[in-house]
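Number of protein chains: 2
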Amino acid sequence: MVNAPADELLALDRAAQDLLFRAARTANAFTDEPVDEAQVRAVHDLVRNGPTAMNAQPLRVLLLRSSAARARLLPYVSAGNRDKTAGAPLTAVLAADVDWHDRLPELFPHRPGARDWFTGDPAGREAQARFNAALQIGYLVVGVRAAGLAAGPMAGFDATGVEREFFPDGRHRVLLLMNIGRPAPDAWRERLPRLPYEEVVTTL
Amino acid sequence: MVNAPADELLALDRAAQDLLFRAARTANAFTDEPVDEAQVRAVHDLVRNGPTAMNAQPLRVLLLRSSAARARLLPYVSAGNRDKTAGAPLTAVLAADVDWHDRLPELFPHRPGARDWFTGDPAGREAQARFNAALQIGYLVVGVRAAGLAAGPMAGFDATGVEREFFPDGRHRVLLLMNIGRPAPDAWRERLPRLPYEEVVTTL
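See below:
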């Protein structure tokens, strides 16, 4: 067993490890510096390569850039998340498209009948939409950090209310909100404890 | 609007972008080279820093290293995934702990009563376990690639059967299987199409 420090066993260099995971933190306050569309496109261009089951890619991203759009969101955000959401340069509403199977003829073309496997199973589609979109949100957190930005994911909000307000088509489930920007000097507290290897991983 | 190539707008260098996303692929065949425990520990040490709601970290990883353990899994794996799972140097069973709230006193110590908010809500706990563990699986895919390894996530298996076989305590939900190793020369087909920015991102 090698006793090298964990970061030396990785192919990814230490600076990138720090940028994406070790020094990166969930930001609770942001500077006024804007996040422009070219940056968001660059993040998408990177993380869209991440794998999903049947290449379904159910994640949909609604960017609230205008103050009018942000004002429509705030009533559904928990009190503790409201000020930082109002002050972030950009807020993303992250949703799963439960009708992802409609895209399978293009996205999974080597199985021409795949779409039909799911037409009669809305509950199964929703479960897969939620799972695969959550995977993609994991990639997105990494991608936002890869752009040198800080992500501020937030689970404290009224998902049903946000769906009614922004996705009246009924085919989207809102999973998470995420503020995006440059972290302000007071953006975070101390890092919370992480579970050690022995409590997460078991080997048989 | 800057017209620079997308990769130049990122802080992460091009080699790391390739390692984690652009050149990385889901592997369907692996070499015999083993994946040792030190590598898995290094991956965990990196990705455990990824954020989860309330710092809950519900993902649990069961590594099937012995051939006896692998043989217990194979009957529950879909026919198309069986050979590559039998042949991979390591297979991880990725599960969510639905009793994650029991760890909140240590993991979210600044809210001493947080555990009690969830004791009477098993359905809500399961939904949060599934969502946050899926986020963590997204980080894990990136982490496996950061170690210079290929991940082979697989959704085609009998989750109830795997839970009964490996998690008889009833408190874990199996979300995904993942083969891990060095890709064989014939590890993948051409990359499937990805959705363009305009079909994923909307701005208000």
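If you read the protein sequences in the order shown, they are chains B and A. If you count the first sequence from 1, you need to add 22 to reach the working numbering. If you count the second sequence from 1, you need to add 22 to reach the working numbering. No residue lacks a Cβ here, since even glycine has one placed at the ideal position from N, Cα and C.
For the 7 Å CB-CB criterion, A:Arg186 and A:Asp121 do not form a contact. Straight-line measurement puts the Cα of B:Ala60 at about 33 Å from the Cα of B:His132.
The three-state reading of DSSP puts B:Asn154 in helix, counting H, G and I together. Residue state for B:Asp67 is assigned as helix, using DSSP reduced to three classes. B:Gly160 is positioned such that its CB atom lies closer than 7 Å to that of A:Leu157. In terms of Cβ geometry, B:Ala169 and A:Leu32 form a close pair [threshold 7 Å]. Close to B:Leu126, with beta-carbon spacing below 9 Å, lies no residue of chain A; the smallest spacing is near 10 Å. Per the coordinates, the alpha-carbon of A:Gly146 lies some 13 Å from the alpha-carbon of A:Asp119.
For A:Ala108, the uninterrupted alpha helix (DSSP H) segment begins and ends at Ala101 to Gly109.
For B:Asp29, the CB contacts under 7 Å within the same chain, skipping 5 residues up- and downstream, are Arg36 and Gln39 in chain order. For A:Gly183, the enclosing alpha helix (DSSP H) has its first and last residue at Ala181 to Phe188. Under the three-state reduction of DSSP, A:Arg82 is assigned to strand. Scanning chain A for C-beta atoms nearer than 9 Å to the C-beta of B:Ala169 yields Leu31, Leu32, Ala33 and Leu34, reported in chain order. Beta bridge pairing from DSSP links A:Asn77 with no other residue. Rounded to whole angstroms, the Cβ separation of B:Ala114 and B:Met200 is 5 Å, and the two are in contact under 8 Å. Here DSSP, grouped into helix, strand and coil, assigns B:His123 to helix. In chain order, Gly178 and Phe179 place their CB closer than 7 Å to the CB of B:Ser100, counting only its own chain and leaving out the 5 sequence neighbours on each side.
According to the DSSP secondary-structure assignment, B:Arg47 is paired through a beta bridge with no residue.
Listed along chain A, the residues sitting closer than 8 Å to B:Val83 by beta-carbon distance are Val222, Val223 and Thr224. Contact check for B:Val57 against B:Gly174 fails: the beta carbons are separated by 7 Å or more. Put simply, the CB of B:Val99 is far from chain A, with every gap to its CB atoms at 7 Å or more. Taking 8 Å as the Cβ-Cβ cut-off, the segment 96-121 of chain A has no residue approaching chain B. Ranked by Cα distance from B:Leu198, the first of B:Gly183, B:Leu226 and B:Leu34 is B:Gly183.
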